[in-house]
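To keep things clear, I will list the structure first and then write my remarks on it.
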């Protein structure tokens, strides 16, 4: 996922964004920040993003945080794999920068100004 582009789009719309480039940073960050939304890259460099999603959803302190897969995987069955892993949503690349903030708004509990990570 092009993190710089997503960050720019979200910050332009008033969101606070925290990023993680690997699983260890993501694990520490989600516990420290407890964001209103996680945008999960399925292709992390050190672990499968779906496995990390399963881990977060198995944790009672984290399971209520919506996780949206952002992926270039758009083949038949890919959406179901993300749902089976516990993702609450699925957005395919390339990202439509105008539609993207509208899409993620659906998953935010607190509305605009949340902490997507």
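Residue numbers (the numbering used here): 16 to 132. Glycine residues also receive a C-beta, built at the ideal position from the N, C-alpha and C atoms.
Please classify residue i: is it buried, with 16 or more other beta-carbons within 10 angstroms of its beta-carbon, or exposed?
i, result
"residue 66", "exposed"
"residue 56", "buried"
"residue 84", "buried"
"residue 53", "buried"
"residue 29", "exposed"
Skipping 5 residues on each side, what residues in its chain have a beta carbon closer than 6 Å to that of residue i?
i, result
"residue 35", "41, 44"
"residue 112", "24"
"residue 102", "68, 82, 84"
Which partner residues of residue i appear in the DSSP bridge assignment?
i, result
"residue 63", "58"
"residue 85", "56, 106"
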